[in-house]
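Enquirer: Below are the structure tokens for one structure; questions will follow.
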Amino acid sequence: MGKLVAKIVLTGGPCAGKTTTIDRIEEHLIEKGYHVLVLNECATEMIKGGIRPFGPHAATVYDFENEVLNLQLYKEQRYKDFLKNYCGNEKIIILYDRGTVDVKAYLGEEKYEQMLKENKLNHQELLNEYDLVIHMTTVAANMESRYSNSNNTARFEDSQEAIDVDNKI
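What follows is the structure, encoded as structure tokens:
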């Protein structure tokens, strides 16, 4: 089994550069001899797949975020389980485009706690799954003119909503 060196999460508001930065970190780590696994953002995957908390046929925010959380947990476990398929001397780093606790920013404290209880989860235990969490600030906070939804069809927040989400994260 390969050696899991680190689990690193990039988090922050919409349009913070998380996905772009993950690509660059991955390239750098590969050059350094690591095998890198990348877990893409679950909310984007679901939105692009037709499950959305907005627009026609919208799911409630609670139901949507519950599915995001459970998909994230499932994928994180599958990635860790797959490590057994690598040889023992392989150094592996997992990069996550958002983490499980990001759903809190979209739900608020009360609904987030309710969701944790329903799923038999603990906030601190979720955080403890990661070795490093990097928060990236949305460009809407400092360069609002550069904030855009055009490069990500799953991004639905306007610039103020992006700042609000960033602050909650």
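Quick note: the sequence shown uses this note's numbering, first residue 196, plus one each step.
Note that CB positions come from ideal geometry on N, CA and C, so glycine has one too.
#1: Report yes if the CB atom of GLU221 is closer than 8 angstroms to the CB atom of VAL233, and no otherwise.
#2: For HIS330, which of helix, strand or coil comes out of DSSP?
#3: Let me confirm a value: LYS299 is counted as buried when at least 16 other C-beta atoms fall within 10 Å, else exposed. Which label applies?
#4: Taking the beta strand (DSSP E) that TYR291 belongs to, which residues open and close that run?
#5: Report the rounded CA-to-CA distance for ARG350 versus CYS282, giving the unit in angstroms.
#6: Would you say the segment 288 to 295 touches the segment 236 to 251, given that touching needs at least three Cβ pairs under 8 angstroms?
#7: Looking at C-beta atoms only, is the number of pairs between the segment 322 to 333 and the segment 200 to 218 that lie closer than 8 angstroms three or more?
#8: Determine the extent of the beta strand (DSSP E) in which THR214 is found, giving its start and end residues.
#9: Here's the rule: buried if 16 or more other CB atoms are within 10 angstroms of the residue's CB, otherwise exposed. What is PRO251?
#10: Within 10 angstroms of the Cβ of GLU308, are there 16 or more other Cβ atoms? Answer buried if so, exposed if not.
Expert: According to the data block:
#1: Yes, Cβ-Cβ distance for GLU221 and VAL233 is below 8 angstroms.
#2: Reduced to three states, the DSSP call for HIS330 is strand.
#3: Result: buried.
#4: For TYR291, the enclosing beta strand (DSSP E) has its first and last residue at 286 to 292.
#5: Below a pLDDT of 50, predicted positions are generally treated as unreliable, and ARG350, at 46, falls in that range; no measurement from the model is reported.
#6: The segment 288 to 295 makes contact with the segment 236 to 251; the number of CB pairs closer than 8 angstroms reaches 3 or more.
#7: Contact check between the segment 322 to 333 and the segment 200 to 218: three or more CB pairs, one atom from each, fall below 8 angstroms, which counts as touching.
#8: The continuous stretches of beta strand (DSSP E) do not include THR214, which lies in the alpha helix (DSSP H) extending over residues 213 to 226.
#9: With fewer than 16 other Cβ atoms within 10 Å, it is exposed.
#10: It is exposed - the Cβ of GLU308 has fewer than 16 other Cβ atoms within 10 Å.
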